[in-house]
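Undergrad: In my numbering, the protein residues as written are -2 to 512.
(1) Relative to the C-alpha of residue 439, which candidate in 370, 120, 371, 307 has its C-alpha closest?
(2) So which of 84, 19, 106 has the shortest CA-CA distance to residue 73?
(3) Starting from residue 275 and walking both ways along the beta strand (DSSP E), at which residues does that stretch end?
(4) Just the Cα atoms here: how many angstroms apart are residue 248 and residue 403?
(5) Report, in whole angstroms, the separation of the C-beta atoms of residue 227 and residue 448, which I expect to be a contact under 8 angstroms.
(6) Three-state secondary structure (DSSP) at residue 2?
(7) Contact defined as beta carbons within less than 8 angstroms: I believe residue 465 pairs with residue 142. What is the distance between those atoms, to the nearest angstrom?
(8) Flag this pair as touching only if the stretch 212 to 223 and the stretch 50 to 64 have three or more C-beta atom pairs under 8 angstroms; answer yes or no.
(9) Taking the DSSP output, what are the residues bridged to residue 265?
(10) Scan the stretch 399 to 439 and note each continuous beta strand (DSSP E) run of 3 residues or more that stays entirely inside, going in chain order.
(11) With residue 85 as the anchor, note down where its beta strand (DSSP E) starts and where it stops.
(12) Between the Cα of residue 194 and the Cα atoms of 341, 206, 496, 293, which residue gives the shortest distance?
(13) Measuring alpha carbon to alpha carbon, tell me which residue in 445, 93, 165 is nearest residue 322.
(14) Let me make sure I understand the geometry here. Which of 17, 186, 137, 413 has the alpha-carbon closest to that of residue 471?
(15) Round the Cβ separation of residue 383 and residue 360 to the nearest angstrom and send it over; I've been treating them as touching at under 8 angstroms.
(16) Taking only the alpha-carbon atoms, compute the straight-line gap between residue 366 and residue 425 and give it to the nearest angstrom.
(17) For my contact list, residue 234 and residue 482 are in at a C-beta cut-off of 8 angstroms; report their separation, rounded to the angstrom.
(18) Please state whether DSSP places residue 390 in a helix, a strand or coil.
(19) Please determine, among 415, 336, 153, the residue with the shortest C-alpha to C-alpha distance to residue 166.
(20) Would residue 496 pass as a contact of residue 363 if the rule is Cβ separation under 9 angstroms?
(21) Considering only residues of the same chain and omitting the five flanking positions on each side of residue 266, which have a CB-CB separation below 7 angstroms?
(22) Taking all protein chains shown into account, do 16 or more other C-beta atoms lie within 10 angstroms of the C-beta of residue 3, making it buried, or fewer, making it exposed?
(23) Please list the segments of the beta strand (DSSP E) lying wholly inside the stretch 169 to 211, counting only runs of 3 or more residues, in order along the chain.
(24) Nearest-angstrom Cα distance between residue 330 and residue 82?
(25) Using the Cα positions of residue 422 and residue 9, report the straight-line distance between them to the nearest angstrom.
(26) Just mark residue 416 as buried or exposed, buried being the case when its beta carbon has 16 or more other beta carbons within 10 Å.
(27) Where does residue 480 sit, in a helix, a strand or coil, going by DSSP?
(28) Contact defined as beta carbons within less than 8 angstroms: I believe residue 557 pairs with residue 314. What is the distance between those atoms, to the nearest angstrom?
(29) Determine the closest residue to residue 68 out of 408, 512, 502, with distance taken between C-alpha atoms.
(30) Just the Cα atoms here: how many angstroms apart are residue 110 and residue 87?
(31) Might you give, ordered along the chain, the residues of its own chain that have their beta carbon closer than 6 angstroms to the beta carbon of residue 129, omitting 5 neighbours on each side?
(32) Within the continuous alpha helix (DSSP H) that includes residue 152, where are the two ends?
(33) Would you tell me roughly how many angstroms separate the C-alpha atoms of residue 393 and residue 200, rounded to the nearest one?
(34) Tell me, which residues are paired with residue 37 by DSSP?
(35) Between 511, 369, 467, which has its C-alpha nearest residue 76's C-alpha?
(36) I'd like the ranges of any beta strand (DSSP E) spanning at least 3 consecutive residues and lying wholly in the stretch 309 to 355.
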């Protein structure tokens, strides 16, 4: 191993691999250190069930924020498939609202069927508005940071007022009459974010903005082969460039160096051996709270994740009370108990330390769009994977009693799902080689233990606006720190969050532009 590298990357998630690929392909010497025995971080696929040939996207599961530019620049062979069915939302009275992106007339009829016909025009107009916003804003994500004034001009007066300054809940209430439709829109403001959509401060607004601008369209696509296919492509690109990847390397210290002296990174290997190397730059593809600890500094406000993730394998898709074909209902996002009223009620219960009585749940079936994640026998027998993502499940609910709280949250989530099904979900669960149901559940506490996300926060910390908020940030990449040799290269960067590779690329370009 070299004594000093041009770049040492801490963390082998998709952003760390992205940074490694860019730097090593540019001729820099790169060492990537990963605590786990494999790379990929939260973008992994795994055979989660004993003896079962199914690869589930264990943590992250859909792709929107990954720019085409990153895929082209690194030559990534990643196939993303668009879902025709955007969503299905069960409504009171045994009906359901189905949004079919390929059939406007059917979508309008479905709105009318659930009593939301008056919102059809507003739905179309709002979708067109956010689409135009995405086309303007998303290309800036791979450029140096623009100023707040330039961002205001780019968005325009109305979008800046409604999507940046006003609480997103207030805007949605003024736009749509139906409580059900309001909730469908507001879920984009709450994925991975514990907040009321009516609170000032913009956490929900920032989350909403990231969700509706992704890819320049706002579409959320299915990665063929699961999330692990993306991680695998990035790993291959990094290794092809010459990156040295060391797994089972638990980084323990970072000495930041100075403008004239190299940084130093120390780690412990799987056998307890101690190692250290010099680094002209350290790229922290870990959470900012982890970086603070490695630098020996007091961390800022502790992040708090807010979701429950269920991974399942089913022998068949369950029937719904609404009568909607399960292959339609689960092909897009099935919104369960996610009206605006139900979302706010769940938030208020969780805010006082209670598992919501009726958890809001987002559910979708990867294998309906891409069955390559199933072995031949499972495909032939009609098995399917199912992902459920529970909202308003903050880490605080699981801190005191992780196992007991996880079981209570799981029970409440399954009851929430069963309330819109015509048969118990449990009856559809496949069994693994030991006879146990093929059901895996991960809380924020589990995510912290599994992949090092502080507080289980999938964005590493609350999302930031994707432009400079301070004069000294203008023209930077949004990854710089007070230490000239240390850069943030993970989801906690200014334009972080989600599966994007944007922070990894930005950190690499910051290094390349400085040397």
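Idealized CB from N, CA, C, for every residue including glycine.
TA: Working from what's here:
(1) The option with the nearest alpha carbon to residue 439 is 307.
(2) Closest option to residue 73, Cα to Cα, is 19.
(3) Its beta strand (DSSP E) spans residues 271 to 281.
(4) Between the C-alpha atoms of residue 248 and residue 403 there is a straight-line separation of about 29 angstroms.
(5) Contact between residue 227 and residue 448 does not hold, since their C-beta atoms are separated by about 15 angstroms, which reaches or exceeds 8 angstroms.
(6) Here residue 2 carries a strand assignment [DSSP, helix/strand/coil].
(7) In this structure residue 465 is in contact with residue 142, their Cβ atoms being roughly 4 angstroms apart against a cut-off of 8 angstroms.
(8) They touch, by the three-pair rule.
(9) Beta bridge pairing from DSSP links residue 265 with 247, 271.
(10) Runs found: 436 to 439.
(11) In the DSSP annotation of this structure, the continuous segment of the beta strand (DSSP E) that includes residue 85 starts and ends at 82 to 88.
(12) Out of 341, 206, 496, 293, 341 has the C-alpha closest to the C-alpha of residue 194.
(13) Of the listed residues, the one whose Cα sits closest to residue 322 is 93.
(14) When only C-alpha atoms are compared, the closest one is 137.
(15) Indeed they touch by this definition, with Cβ atoms about 6 angstroms apart.
(16) When only Cα atoms are considered, residue 366 and residue 425 end up about 19 angstroms apart.
(17) Not really, about 24 angstroms apart at Cβ, beyond 8 angstroms.
(18) For residue 390, the three-state secondary structure derived from DSSP is coil.
(19) Relative to residue 166, the option among 415, 336, 153 whose CA is nearest is 336.
(20) Against a cut-off of 9 angstroms, the Cβ pair of residue 363 and residue 496 comes out as no contact.
(21) Counting only Cβ-Cβ distances below 7 angstroms, and skipping sequence neighbours, we find 245, 246, 272.
(22) Label assigned to residue 3: buried.
(23) Those beta strand (DSSP E) runs which fall completely within the stretch 169 to 211 and span 3+ residues do not exist here.
(24) Separation of residue 330 and residue 82 (C-alpha to C-alpha, rounded to the nearest whole angstrom) is 8 angstroms.
(25) Rounded to the nearest angstrom, the two C-alpha atoms are 36 angstroms apart.
(26) Label assigned to residue 416: exposed.
(27) Residue 480 falls in the coil class under three-state DSSP.
(28) Since the displayed the chain opens at -2 and closes at 512, residue 557 lies outside it and no answer follows.
(29) Out of 408, 512, 502, 502 has the C-alpha closest to the C-alpha of residue 68.
(30) About 11 angstroms.
(31) Here the set comprises nothing.
(32) Its alpha helix (DSSP H) spans residues 145 to 152.
(33) A direct Cα-Cα distance of roughly 18 angstroms separates residue 393 from residue 200.
(34) Note: residue 37 sits in a beta bridge opposite 10.
(35) Of the candidates 511, 369, 467, the one whose C-alpha sits nearest the C-alpha of residue 76 is 369.
(36) Runs found: 330 to 333.
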